[in-house]
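Structure first, then comments.
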Amino acid sequence: MNQESETQRPVKCNGCGIKLQTEHKDLPGYIPEVAFEREPVICQRCFRIKNYNEASSVSVNQDEFLRLLSGVGEKNALVIHIVDLFDFEGSLISGLQRFVGNNPVILAVNKSDLLPKVTNWNKMRNWLQQRCKEQGLRTVEIVLVSAKRNQGFDRLLEAVTEQRGQRDVYVVGATNVGKSTLINRLISDYSDLEQELTTSRYPGTTLDTVKIPLDDGHYIIDTPGIVYPWRYSELVERQDLEAVMPENTLKPAVYQLNEGQTLFFGGLGRFDFVQGVHQSFTCYISSTLKIHRTKLERADSLYQEHRGVMLSPPASDHMDKLPQWQRHEFSISKGTQTDLFISGLGWIKVNGTEGAVVAIHVPRGVKVLTRPSLI
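Residue numbers for the sequence shown follow UniProt numbering, so the first one is 1 and each next one is one higher.
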């Protein structure tokens with residue numbers, strides 16, 4: 001294309017208003033060269049929303065995201081915060097309350113289909129309310145949903161209708177929590193996007209917020225997905241995502257362990273039973289990730305000999321792309337029901353009531369913590 005026609009190109013997307021660029025597919029405003037010949041000229045993201053009903057969110061880090069949210073508390077808004085039940089503490093936005101002010105927050109908890117059908121859902125909601133309270137987040141409603149099975153979204157839309165009034169709706173969440181599915185449902189229920197996208201420009205921001213017009217003059221504001229580096233989903237190679245992100249209902253794996261025994265979760269993590277009486281531990285992780293049991297005294301040498309092969313994923317050629325492992329030791333009190341939570345990998349429930357000293361080995365930076373048992 002000659003220089004004269006280059007200068008005549010639109011510089012902003014006719015859909016969301018973002019500045020267009022042709023070099024970086026994963027950044028806001030990307031458009032292939034050939035797409036400049038289309039009418040209207042829209043970025044790849046708006047093209048996907050319009051033609052495939054696919055809200056593919058661009059991601060940002062937490063600092064950028066919180067700057068983006070800094071003015072929401074002064075507006076009349078309804079905030080939908082979508083989190084991943086499998087990675088709850090890893091996907092919850094810390095400090096969200098101080099940015100949203102007195103605006104109502106609906107917590108949409110995705111991947112509820114991963115939990116066993118015998119789960120007591122009332123206790124589950126109480127558990128979620130308690131965790132939110134600990135984080136200082138006030139919610140007007142907690143709705144359990146499954147994007148994969150299209151469950152719970154009718155109730156979520158009812159809650160949005162009840163709470164919205166004359167408000168814009170902000171949808172916030174980390175990457176890989178199902179935000180795109182929720183946005184698509186909101187679009188199909190509240191907005192004639194195809195007509196609007198071709199006839200009007202929505203004001204965008206440099207952080208790729210997309211404002212989707214509603215019939216009453218208000219907007220759904222789709223915010224970028226936040227990248228949290230402490231989650232396994234942000235660390236592993238794309239081909240290993242399936243191993244850490246379960247697709248089907250979790251099958252609890254129960255291990256009766258003596259003091260001085262170790263469990264390896266492929267080559268991604270390790271659990272040591274350091275001290276305590278014989279007791280059981282239940283692992284809630286993806287069934288595609290193999291668990292290997294060994295003696296604690298042999299664990300280091302076993303890892304060095306079999307990492308990337310028997311202890312995989314990751315494969316040997318990807319092993320060194322992960323940060324060095326870091327050891328986290330915990331003392332579990334007697335008489336407590338405790339989970340050892342590993343962000344993005346799952347959790348281990350300590351079933352014994354006699355207490356225990358345990359350790360978790362994971363790549364440096366992965367969030368590890370104890371919590372009251374989810375199940």
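Just so you know, even glycine gets a beta-carbon here, dropped at the ideal spot from N, CA and C.
- Closest by C-alpha distance to glycine 73, out of Glu64, Asp84, Phe99 and Val79, is Phe99.
- When DSSP states are grouped into helix, strand and coil, valine 277 belongs to the coil group.
- A direct Cα-to-Cα measurement between alanine 359 and cysteine 283 gives close to 14 Å.
- DSSP places valine 160 within a helical segment (H, G or I) once states are collapsed to three.
- Rounded to whole angstroms, the Cβ separation of isoleucine 106 and glutamate 141 is 5 Å, and the two are in contact under 8 Å.
- Shown here, cysteine 283 sits in a strand according to DSSP, grouped into three states.
- Proline 314 is positioned such that its CB atom lies no closer than 8 Å to that of proline 363.
- In the three-state reduction of the DSSP assignment, arginine 131 falls in the helix class, which pools H, G and I.
- For valine 309 and histidine 361, the gap between their C-alpha atoms comes out near 18 Å.
- The beta carbon of leucine 85 sits closer than 6 Å to the beta carbons of Val109, Lys111 and Ser112 from its chain, once the five residues preceding and following it are set aside; these are given in chain order.
- Within its own chain, the residues whose Cβ lies closer than 7 Å to the Cβ of histidine 318, once the five positions on either side in sequence are excluded, are Glu237, listed in chain order.
- In the DSSP assignment, tyrosine 219 falls outside any alpha helix (DSSP H) and within the unbroken beta strand (DSSP E) covering 219-222.
- Note that the segment 338-358 does not touch the segment 60-68; fewer than 3 beta-carbon pairs, one per stretch, sit closer than 8 Å.
- For the pair arginine 270 and alanine 299, the CB atoms are nearer than the 8 Å cut-off.
- Take serine 331, set aside five residues on each side of it, and the residues of its chain with a beta-carbon closer than 7 Å to its own are Val357, in chain order.
- With contacts defined by Cβ atoms closer than 8 Å, threonine 175 and glycine 225 form a contacting pair.
- Less than 8 Å separates the beta-carbon of serine 286 from that of valine 244.
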